[in-house]
Amino acid sequence: MIYGALGDIEEYRGMLKGLDVLIDWLEENDPAKLEVGSHPILGDKVFANVMAPTTRPEAEAHYETHQRYHDLQIDVEGREAFKVATGSLTLVQEFDEKDDYDLVDSDASIAGDLADDKFALFVAGEPHMPTLEFQGDGAQPVKKICFKLLADAYWEG
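Under the numbering used here, residues 799 to 955 are what the sequence shown spells out, in order.
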């Protein structure tokens, strides 16, 4: 996981092909202006999934993992918490190749939040649990963007 202030994202240029594409796009575009739905940035290699969910308690969630895509997540309205698994994993739902995810539970984790213009980049294979209730807020609506960045191993050319 990479976690920090969205305004500092330029510091991570050169780490991943998709991240470089996203950094360039963010220099020219305001992500808060995107409507709910999917928005291509570079075809199926880099795109934005804009969602308007309600945050949920941890007890109602599982960790998700992806094989082909990294997730870079931000909140543009509201705020949420998240967790990243650090312990042993128990499979809850088998990998769905079409949608690139499986679900797992873990016996240990670290936590963060996406308040105050922060971002979190969850790398492919890293179990993460997004859209959790921010401490003390209870269930709240949030407008969030999950930028999907194709892992370098899947890029052609």
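Note that CB positions come from ideal geometry on N, CA and C, so glycine has one too.
No experiment lies behind these values; they were computed from the predicted model shown.
- Scanning its chain for C-beta atoms nearer than 6 Å, with the 5 sequence neighbours on each side dropped, one finds around Lys946 the residues Phe845 and Tyr867, in chain order.
- Shown here for Leu820: same chain residues with a beta carbon closer than 7 Å to its own, the five before and five after excluded, namely Ile839, Val844, Leu870, Phe945 and Leu947 in chain order.
- Distance check between Asp911 and each of Gly876, Gly923, Asp950 and Glu833 places Gly876 closest, using alpha-carbon atoms only.
- Non-local beta-carbon contacts of Pro851 in its own chain, meaning distances under 8 Å to residues more than five positions away in sequence, involve Thr929, Pro939, Val940 and Lys942 in chain order.
- Short of 6 Å from the beta carbon of Glu856, and not among the five residues preceding or following it, lie these beta carbons of its own chain, in chain order: Leu930.
- The secondary-structure analysis by DSSP pairs Ala846 across a beta bridge with His837 and Phe945.
- The DSSP-derived three-state label of Glu856 is helix.
- If you draw a straight line from the Cα of Ala859 to the Cα of Val902, it is about 10 Å long.
- In this chain, the alpha helix (DSSP H) harbouring Asp818 covers Lys815 to Glu826.
- Residue state for Pro829 is assigned as helix, using DSSP reduced to three classes.
- In this structure Glu924 is in contact with Thr863, their Cβ atoms being roughly 7 Å apart against a cut-off of 8 Å.
- Lys916 is not a Cβ neighbour of Ala830, given a cutoff of 8 Å.
- Proximity to Asp935 across Glu954, Phe920, Ala913 and Ser907 peaks at Ala913, based on C-alpha coordinates.
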